[in-house]
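Our numbering puts the sequence shown at residues 341 to 702. In this text, a Cβ means the ideal position worked out from N, Cα and C, and glycines have one as well. This structure is a prediction, so every number in the text was calculated from the model and none was measured. Below: one structure, written as structure tokens.
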Amino acid sequence: MGRMPIPSGWGERYRSTSIVLRRGCRSARSSAQGSARVIRSYPDLRGGRLAYGVLIVHYQNQNRRGPTMRIGFIGQGAMGSRMAARLVAAGHDLVVYDRFREATRSLQQRGAAVAASAKQLAAGVEIVFSSVTDDSALEQVMFASDGVLAGVALGTIVIDMSTVSPRMSRRLHESARAKGVAVLDAPVSGSTPQAEQGQLVIFVGGEEDVYQKCQPILAVLGSKTLYLGPGGSGTTMKLCANTLLGLGVQALAEAFALGEKGGLSRERLAAVLSETAVVSPSQKSKLENARKDEYPAAFPLRLMFKDFGLIVETAMELSVPMPATAAAVQVAAAEHARQMADHSDEDFSVVVRAMERLAGVA
Numbered sequence: 341m342g343r344m345p346i347p348s349g350w351g352e353r354y355r356s357t358s359i360v361l362r363r364g365c366r367s368a369r370s371s372a373q374g375s376a377r378v379i380r381s382y383p384d385l386r387g388g389r390l391a392y393g394v395l396i397v398h399y400q401n402q403n404r405r406g407p408t409m410r411i412g413f414i415g416q417g418a419m420g421s422r423m424a425a426r427l428v429a430a431g432h433d434l435v436v437y438d439r440f441r442e443a444t445r446s447l448q449q450r451g452a453a454v455a456a457s458a459k460q461l462a463a464g465v466e467i468v469f470s471s472v473t474d475d476s477a478l479e480q481v482m483f484a485s486d487g488v489l490a491g492v493a494l495g496t497i498v499i500d501m502s503t504v505s506p507r508m509s510r511r512l513h514e515s516a517r518a519k520g521v522a523v524l525d526a527p528v529s530g531s532t533p534q535a536e537q538g539q540l541v542i543f544v545g546g547e548e549d550v551y552q553k554c555q556p557i558l559a560v561l562g563s564k565t566l567y568l569g570p571g572g573s574g575t576t577m578k579l580c581a582n583t584l585l586g587l588g589v590q591a592l593a594e595a596f597a598l599g600e601k602g603g604l605s606r607e608r609l610a611a612v613l614s615e616t617a618v619v620s621p622s623q624k625s626k627l628e629n630a631r632k633d634e635y636p637a638a639f640p641l642r643l644m645f646k647d648f649g650l651i652v653e654t655a656m657e658l659s660v661p662m663p664a665t666a667a668a669v670q671v672a673a674a675e676h677a678r679q680m681a682d683h684s685d686e687d688f689s690v691v692v693r694a695m696e697r698l699a700g701v702a
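The following block contains the structure:
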């Protein structure tokens, strides 16, 4: 870490301020008190880089707790937008990017800057977060000519929170390492309410020292951060968790079909199952959907079907038989095809209705 005084030509107000140079997730801190937006008055300084780290300038607000950081967030979907909003609320200087610019409007109104590309975003931040749909989307935002790796500088940290294949995560780790950039694969367990409340569980893979440095910023997004091991470990854990999630709701669907065919009402099934020890928290959260036969998309079936594909693909690569998962995939595939034909987008717990139809009770 070193110090470099701000040149006197920048004005009497900032003459006594010094810039702290630091590599990693804990931000550089100014000795002056003032607005965190001041950095935007100096576009040639903002995002300036040094060979051994990142040069960031900001001015601590007296009412803020902890260091302000210059953060980029790629992907402003249902989860990404909520996580990014928490970073803004925590006082961080945020730059966002989404291929659909309209998706960034809400955060722009809260004070976030909007980048024209992932490359532009990566060039001026300490940390790049990403939360995108699948391997293809991550490939585009990371590896394309206007992607993160084309613009990122030595010392930046990339934290990918997408649910993608472990193979893709490992590729990102290796490619970034060649540029002197650290990566954490950090997919999450939880849905939109947990994202809004900062109650996500975050599975982390990557270098442990990088994870330790980034724990304070991850704590803004999740109530628990769990370190699993080297690159790809976080995504592997997420697929294990989603295997249980998908099979659990498929089991719930079969229980409803059996009970209804045996003369029990949806209401009675939902009420009694909610009192048993065998229903998991994730299943319990879907009982109300089944009771009402309404499936608002907290976690859309199309994403669960995508995750099932990643699970099966990874199992095949590792020669792991998964017969129960294979059966659940068949039901999800049929329901996904129906939704595609109907142009609908319902929650993955809609497999309850699918099983009711197969049993002849829907």
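query: Phe543 - partner residues in DSSP beta bridges; result: Leu566
query: Buried versus exposed, by CB contacts within 10 Å (16 or more), Ser505; result: buried
query: Closest Cα partner of His432 within the set Val465, Gly546, Glu686, Leu587; result: Val465
query: Top-ranked residue by Cα proximity to Phe469, from Val660, Met501, Glu479, Val481; result: Met501
query: Beta-carbon contacts of Pro527 that lie in its chain and below 7 angstroms, excluding the five residues immediately before and after; result: Met501, Ser502, Thr503, Phe543, Gly574, Thr575, Lys578
query: Supposed close pair Gly739, Gly546 - CB separation, criterion 8 angstroms; result: Given that the chain is displayed from residue 341 to residue 702, the structure contains no residue 739 and the question cannot be resolved.
query: Alpha carbon of Thr583 to alpha carbon of Pro640, nearest angstrom; result: 15 angstroms
query: CA-to-CA distance, Ala655 to Ala702, given in whole angstroms; result: 33 angstroms
query: Contacts around Phe688, its chain only, beta-carbon distance under 6 angstroms, and the 5 residues preceding and following it disregarded; result: Phe639, Leu641, Met644
query: Exposure of Gly393, with buried meaning 16 or more beta-carbon neighbours within 10 Å; result: Since pLDDT at Gly393 reaches only 33, below the 50 mark, its modelled position is unreliable, and the value read off the structure follows with that caveat. That one is buried.
query: Collapsed DSSP secondary structure at Ser476 in the structure displayed; result: helix
query: Start and end residues, beta strand (DSSP E) containing Asp500; result: 497 to 500
query: Beta-carbon spacing of Val492, Ala462 below 7 angstroms; result: yes
query: Buried/exposed call for Asp633, threshold 16 Cβ in 10 Å; result: exposed
query: Sequence-distant residues of the same chain with beta carbon closer than 7 angstroms to Gln555, five excluded per side; result: Thr565
query: Counterpart residues of Leu524 in DSSP-defined beta bridges; result: Ile499, Gly546
query: Buried versus exposed, by CB contacts within 10 Å (16 or more), Phe440; result: exposed
query: Neighbourhood of Ala664 by C-beta distance below 7 angstroms, restricted to the same chain and skipping five residues each side; result: Leu587
query: Assigned secondary structure, Leu434 (DSSP; H/G/I helix, E/B strand, else coil); result: strand
query: Alpha helix (DSSP H) runs contained entirely in the region 407 to 472, provided each spans 4 or more residues; result: 418 to 429, 445 to 449, 458 to 462
query: Buried versus exposed, by CB contacts within 10 Å (16 or more), Ala611; result: exposed
query: Residues of its chain near Ser515, where Cβ-Cβ distance is below 8 angstroms and the 5 sequence neighbours each way are ignored; result: Met482, Phe483, Leu489
query: Reference Leu478, options Ala595, Ser614, Ala456, Arg507, closest by Cα; result: Arg507
query: Cβ-Cβ separation, Glu607 to Arg631 (assumed contact under 8 angstroms), whole Å; result: 6 angstroms
query: Residues bridged to Pro640 [DSSP beta-bridge criterion]; result: Asp687
query: Per-residue DSSP class, three states only, for Ser529; result: strand
query: Helix, strand or coil at Glu594 according to DSSP, with G and I counted as helix; result: helix
query: Beta-carbon gap between Glu594 and Met662 smaller than 7 angstroms; result: no
query: Euclidean distance between Cα positions of Lys626 and Val589; result: 8 angstroms
query: Collapsed DSSP secondary structure at Met680 in the structure displayed; result: helix
query: 8 angstroms contact criterion, which Ser471 and Met423 should meet: CB distance rounded; result: 6 angstroms
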